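Shown next, in structure tokens, is the structure this report addresses.
Numbering (my numbering), first residue to last: 1 to 430.
See the structure below:
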């Protein structure tokens with residue numbers, strides 16, 4: 001387990017999550033996950049600019065990769081959960097993809113909660129399995145966001161998180177809204193610009209080892225500080241990437257996974273948190289931290305663990321500031337302490353709690369939190385070593401003896417957050 005102690009101030013300004021030991025919702029979540037709900041296969045495509053393949057081609061490609069990882073055929077899959085698409089106009093994304101791949105699933109659903117979507121796809125699959133609607137559920141997301149959207153479309157996307165009447169008319173974009181929140185956070189806690197740059201530098205070291213990371217060059221804090229400004233306090237390198245690609249994972253039961261190729265990784269904790277829809281409605285930095293933190297705290301409560309038990313953290317990183325406030329909300333660091341924690345090297349491979357060991361959204365690629373989940377699974381299977389991918393010059397980014405991971409995603413401007421705790425052991429032994 002990770003050898004560090006969370007600061008005593010970690011919960012000073014967060015509210016109780018309302019789900020103490022033994023409450024009905026915690027009991028019900030544990031009952032469902034106690035069936036051995038697990039991830040038994042993962043897959044990723046190349047990431048970057050992939051203009052020779054459409055969105056559904058990428059989804060089909062990663063489905064094949066994921067099925068092969070699990071040792072399954074497409075006919076073994078009886079459920080499918082997809083996300084949304086920025087490129088395809090279909091309102092029935094899951095069934096359109098099923099039709100494209102020749103599937104007749106007994107269960108199908110599409111989830112759309114922005115960056116919070118990927119963990120919620122896993123929860124949706126778990127609930128379908130628990131209800132007896134499916135046994136093997138494919139959760140898949142992919143898109144041509146980089147090559148398939150026009151410049152005007154990108155501008156429209158940048159305004160999507162703003163209120164149509166009270167924010168957008170005044171020019172507030174997604175990055176502008178994040179910037180406002182980040183600046184207030186930095187002001188209240190006297191956070192130096194170098195703290196954000198340290199997140200980028202740390203994750204760049206990890207991405208240098210990941211076979212399909214878009215940005216493979218390791219950068220320094222000084223490199224980030226000297227990069228061009230986009231929206232204060234963010235330089236270009238502080239921002240998440242826009243990419244083409246796909247990723248997927250298969251959710252099933254422990255009993256079914258026994259006949260599959262790989263050792264399952266168990267979903268032992270789930271949680272969600274919401275604080276505001278639009279950034280102008282956010283009450284304070286503390287309220288945002290509590291809202292997103294509630295997801296991680298609940299997931300750990302359901303799993304019956306504390307932050308000190310974690311071995312790896314795959315934290316949503318829409319911007320370099322995002323992991324800092326999440327680390328604090330989850331109780332891994334105290335309020336205002338995450339910047340120093342990262343600058344001290346705790347988030348690096350070999351540190352107290354390696355974070356975003358694949359490079360994250362700001363160095364690997366942006367597909368919501370799909371890659372975060374895939375990376376967490378690879379870490380817990382002991383397979384986060386890309387040294388054998390010599391054609392991509394991959395390296396070893398494995399955390400030794402990793403057994404417990406937390407991962408999350410946030411939609412909007414840190415409005416809605418979902419989180420998972422994943423374990424190499426079933427709930428009874430977690």
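Idealized CB from N, CA, C, for every residue including glycine. In this text the structure is predicted, and so the values were computed from the model without any measurement.
Less than 9 Å separating the beta-carbons of residue i and residue j?
i           : j           : result
residue 296 : residue 419 : yes
residue 241 : residue 365 : yes
residue 86  : residue 178 : no
residue 221 : residue 201 : yes
residue 408 : residue 116 : yes
residue 81  : residue 56  : no
residue 302 : residue 137 : no
residue 225 : residue 194 : yes
residue 358 : residue 118 : no
residue 192 : residue 351 : no
residue 234 : residue 182 : yes
residue 74  : residue 101 : yes
residue 129 : residue 253 : yes
residue 313 : residue 405 : yes
residue 386 : residue 210 : yes
residue 88  : residue 96  : yes
residue 262 : residue 78  : no
residue 126 : residue 67  : no
residue 269 : residue 299 : yes
residue 247 : residue 140 : yes
residue 124 : residue 367 : no
residue 264 : residue 36  : yes
residue 44  : residue 374 : yes
So residue i and residue j are supposed to be a Cβ contact under 8 Å. How far apart are they, rounded?
i           : j           : result
residue 426 : residue 266 : 5 Å
residue 402 : residue 311 : 4 Å
residue 83  : residue 112 : 7 Å
residue 335 : residue 328 : 5 Å
residue 62  : residue 148 : The pair is not a contact, with the Cβ atoms about 16 Å apart (cut-off 8 Å).
residue 42  : residue 377 : 5 Å
residue 245 : residue 58  : 6 Å
residue 187 : residue 325 : Actually they are not in contact, since the Cβ atoms of residue 187 and residue 325 sit about 13 Å apart, beyond 8 Å.
residue 279 : residue 413 : 5 Å
residue 410 : residue 322 : 7 Å
residue 218 : residue 205 : 5 Å
residue 260 : residue 71  : 5 Å
residue 277 : residue 415 : 6 Å
Please state the DSSP three-state secondary structure of residue i.
i           : result
residue 160 : coil
residue 109 : strand
residue 316 : coil
residue 191 : coil
residue 431 : This structure does not reach residue 431, given that the chain is present from 1 up to 430, and the question cannot be answered.
residue 40  : strand
residue 77  : coil
residue 103 : coil
residue 22  : Per-residue confidence for residue 22 stands at a pLDDT of 48, beneath the threshold of 50, marking its modelled position as unreliable; no derived number is given.
residue 309 : helix
residue 357 : coil
residue 86  : coil
residue 244 : strand
residue 177 : helix
residue 9   : The pLDDT assigned to residue 9 is 39, lower than 50, so where the model puts this residue is not dependable; a value taken from the coordinates is nonetheless given after this. Residue 9: coil per DSSP, three-state reduction.
How far does the alpha helix (DSSP H) with residue i in it extend, from its first residue to its last?
i           : result
residue 69  : 55 to 70
residue 130 : 117 to 130
residue 217 : It is not in any alpha helix (DSSP H) - residue 217 carries neither H nor E in the DSSP assignment.
residue 340 : 338 to 343
residue 326 : 322 to 329
If you measure from the beta carbon of residue i to each beta carbon in chain C, is any gap under 9 Å?
i           : result
residue 309 : The structure shown contains no chain C; it is built from a single protein chain.
Taking the continuous beta strand (DSSP E) assigned at residue i, which residues delimit it?
i           : result
residue 231 : 229 to 231
residue 144 : 137 to 144
Could you tell me whether any non-hydrogen atom of the ligand ADP is closer than 8 Å to the CB of residue i?
i           : result
residue 168 : As far as ligands go, the structure on display features none, and thus does not contain the ligand ADP.
Whole alpha helix (DSSP H) runs in the segment 362 to 422 with 4 or more residues, listed along the chain?
-> At a cut-off of 4 residues, the continuous stretches assigned as alpha helix (DSSP H) that sit fully inside the segment 362 to 422 are 370 to 381.
Every unbroken beta strand (DSSP E) inside the segment 252 to 300 [3 residues or more] = Counting only runs of 3 or more, we get 265 to 274.
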